[in-house]
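Structure record follows, encoded as structure tokens.
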Amino acid sequence: DTAVSQTPKYLVTQMGNDKSIKCEQNLGHDTMYWYKQDSKKFLKIMFSYNNKELIINETVPNRFSPKSPDKAHLNLHINSLELGDSAVYFCASSPSRADNSYEQYFGPGTRLTVT
Amino acid sequence: AQSVSQHNHHVILSEAASLELGCNYSYGGTVNLFWYVQYPGQHLQLLLKYFSGDPLVKGIKGFEAEFIKSKFSFNLRKPSVQWSDTAEYFCAVTYSGNTGKLIFGQGTTLQVKP
Chain A
-10 DTAVSQTPKY LVTQMGNDKS IKCEQNLGHD TMYWYKQDSK KFLKIMFSYN
40 NKELIINETV PNRFSPKSPD KAHLNLHINS LELGDSAVYF CASSPSRADN
90 SYEQYFGPGT RLTVT
Chain B
3 AQSVSQHNHH VILSEAASLE LGCNYSYGGT VNLFWYVQYP GQHLQLLLKY
53 FSGDPLVKGI KGFEAEFIKS KFSFNLRKPS VQWSDTAEYF CAVTYSGNTG
103 KLIFGQGTTL QVKP
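Same order as they appear, the protein sequences are chains A and B.
Here the numbering used here is used: position 58 in the first sequence is 47, and no number is missing along the way.
Start counting at 1 in the second sequence, then tack on 2, and there's your number in the numbering used here.
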């Protein structure tokens, strides 16, 4: 059973289009994240949701809008795609503990290519 | 600013050589420390983690790391690497009160020659 899954795995689209990436976790975690990995493989957090509530919103263009219909799903919608959005997007999940002593489990990633 | 620095960007070793990858983090209070590995074309997998207690932690596949608080370091080690260890290695930190935000280092590409 896949713990954290993402669809699609690959996404090729043209500039200006709107696209969505979906993420689902079956671990029973209540916190989910989106990370962006750029062409130099640097990973940076974009968003985090805890029980459907946005708790982390890094400096990300407002063309990116996360949506969490329930605590097992966190989707990422991107409007007006730009060349610079080309990257690998990773979803992750974790349980929540008051002392922050938890690990995050990552999905397989979605490679987005904007042409 | 909270940050993580990995000193080695690209490491090339022969099989059976010993490995040490450096990781330093900026001061920011209580931290949790992680090493993740990304094999070619795959997702991130946790190698090991440090939350508290014994500063020498052992992970999967023979990896270990030592937390040295005075040096703000969490270096990854393996006594004898294998060709299958070829991958990207990421050090990451969460700071207390930071709502679980993982801050990653730049990554180290390890290439093991058979």
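C-beta: ideal position from N, C-alpha, C; glycine also.
As the structure is a prediction and not an experimental result, all values here were calculated from the model.
So residue i packs on residue j, CB below 8 Å; how close in whole Å?
i	j	result
residue 20 of chain A	residue 38 of chain A	7 Å
residue 70 of chain B	residue 5 of chain B	Actually they are not in contact, since the Cβ atoms of residue 70 of chain B and residue 5 of chain B sit about 17 Å apart, beyond 8 Å.
residue 68 of chain A	residue 52 of chain A	5 Å
residue 81 of chain A	residue 95 of chain A	5 Å
residue 80 of chain B	residue 99 of chain B	Not quite, the Cβ-Cβ distance comes to about 33 Å (not below 8 Å), so this is no contact.
residue 36 of chain A	residue 46 of chain A	6 Å
residue 8 of chain B	residue 107 of chain B	4 Å
residue 102 of chain A	residue 10 of chain A	In fact, because the Cβ distance is near 13 Å, the residues do not count as touching under 8 Å.
residue -5 of chain A	residue 58 of chain A	Not really, about 15 Å apart at Cβ, beyond 8 Å.
residue 28 of chain B	residue 67 of chain B	Not a contact, Cβ separation roughly 18 Å.
Would you tell me roughly how many angstroms separate the C-alpha atoms of residue i and residue j, rounded to the nearest one?
i	j	result
residue 72 of chain B	residue 55 of chain B	15 Å
residue 56 of chain A	residue 65 of chain A	6 Å
residue 47 of chain B	residue 60 of chain A	22 Å
residue 3 of chain A	residue 63 of chain A	24 Å
residue 23 of chain B	residue 78 of chain B	5 Å
residue 50 of chain A	residue -3 of chain A	22 Å
residue 10 of chain B	residue 111 of chain B	8 Å
residue 85 of chain A	residue 29 of chain A	30 Å
residue 5 of chain A	residue 83 of chain B	46 Å
residue 61 of chain B	residue 51 of chain B	8 Å
residue 115 of chain B	residue 25 of chain A	30 Å
residue 73 of chain A	residue 27 of chain A	9 Å
residue -7 of chain A	residue 85 of chain B	28 Å
residue 23 of chain A	residue 12 of chain B	26 Å
residue 97 of chain B	residue 103 of chain B	8 Å
residue 53 of chain B	residue 42 of chain A	26 Å
residue 101 of chain B	residue 44 of chain A	7 Å
residue 1 of chain A	residue 42 of chain B	20 Å
Mind checking whether the beta-carbon of residue i lies closer than 8 Å to any heavy atom of the ligand COA?
i	result
residue 3 of chain A	For the structure depicted, the ligand COA is absent and the ligand set is empty, with no information on it obtainable.
Would you list, in chain order, the members of the segment 95 to 111 of chain B that have their beta-carbon closer than 7 Å to a beta-carbon of chain A?
-> Flagged, chain order: 96, 98, 101, 102, 103, 104, 106, 108 and 109.
Output, in sequence order along the chain, the residues in the segment 51 to 65 of chain B whose CB is closer than 8 Å to any CB in chain A.
-> 51, 53 and 54
Touching by the beta-carbon criterion (3+ pairs, under 8 Å), the segment 28 to 39 of chain B and the segment 85 to 103 of chain B = yes
If contact means a Cβ-Cβ distance below 8 Å, which residues of the segment 64 to 85 of chain B contact chain A?
-> Per Cβ criterion, the list is empty.
Could you tell me whether the segment 74 to 83 of chain B touches the segment 21 to 37 of chain B, using the rule of 3 or more Cβ pairs below 8 Å?
-> yes
Contacting positions in the segment 30 to 47 of chain A - beta carbon closer than 9 Å to chain B | 30, 31, 32, 33, 34, 37, 39, 44, 45 and 47
Which whole runs of the beta strand (DSSP E) in the segment 33 to 111 of chain B are 3 residues long or more, in chain order?
-> 33 to 40, 46 to 52, 58 to 60, 66 to 70, 75 to 80 and 89 to 97
Just checking, does the segment 6 to 19 of chain A make contact with the segment 12 to 32 of chain B on the three C-beta pairs under 8 Å criterion?
-> When C-beta atoms of the segment 6 to 19 of chain A are compared with those of the segment 12 to 32 of chain B, fewer than three pairs fall below 8 Å, so the two segments do not count as touching.
Chain B contacts made by the segment 6 to 30 of chain A, where a contact means CB separation under 8 Å | 20, 22, 24, 29 and 30
Length at least 3, wholly inside the segment -6 to 26 of chain A: the beta strand (DSSP E) runs in chain order | Taking only runs of at least 3 residues, the beta strand (DSSP E) segments lying wholly in the segment -6 to 26 of chain A are -1 to 2, 8 to 14 and 20 to 26.
Could you pull out every unbroken beta strand (DSSP E) segment of at least 3 residues lying fully inside the segment 46 to 101 of chain A, listed in chain order?
-> 53 to 59, 62 to 67 and 76 to 83
Going along the chain, which residues of the segment 50 to 62 of chain A sit with their C-beta nearer than 9 Å to a C-beta in chain B?
-> none
Could you please tell me which residues of the segment 72 to 84 of chain A, in chain order, have their CB closer than 9 Å to any CB of chain B?
-> Result list: 79, 81 and 83.
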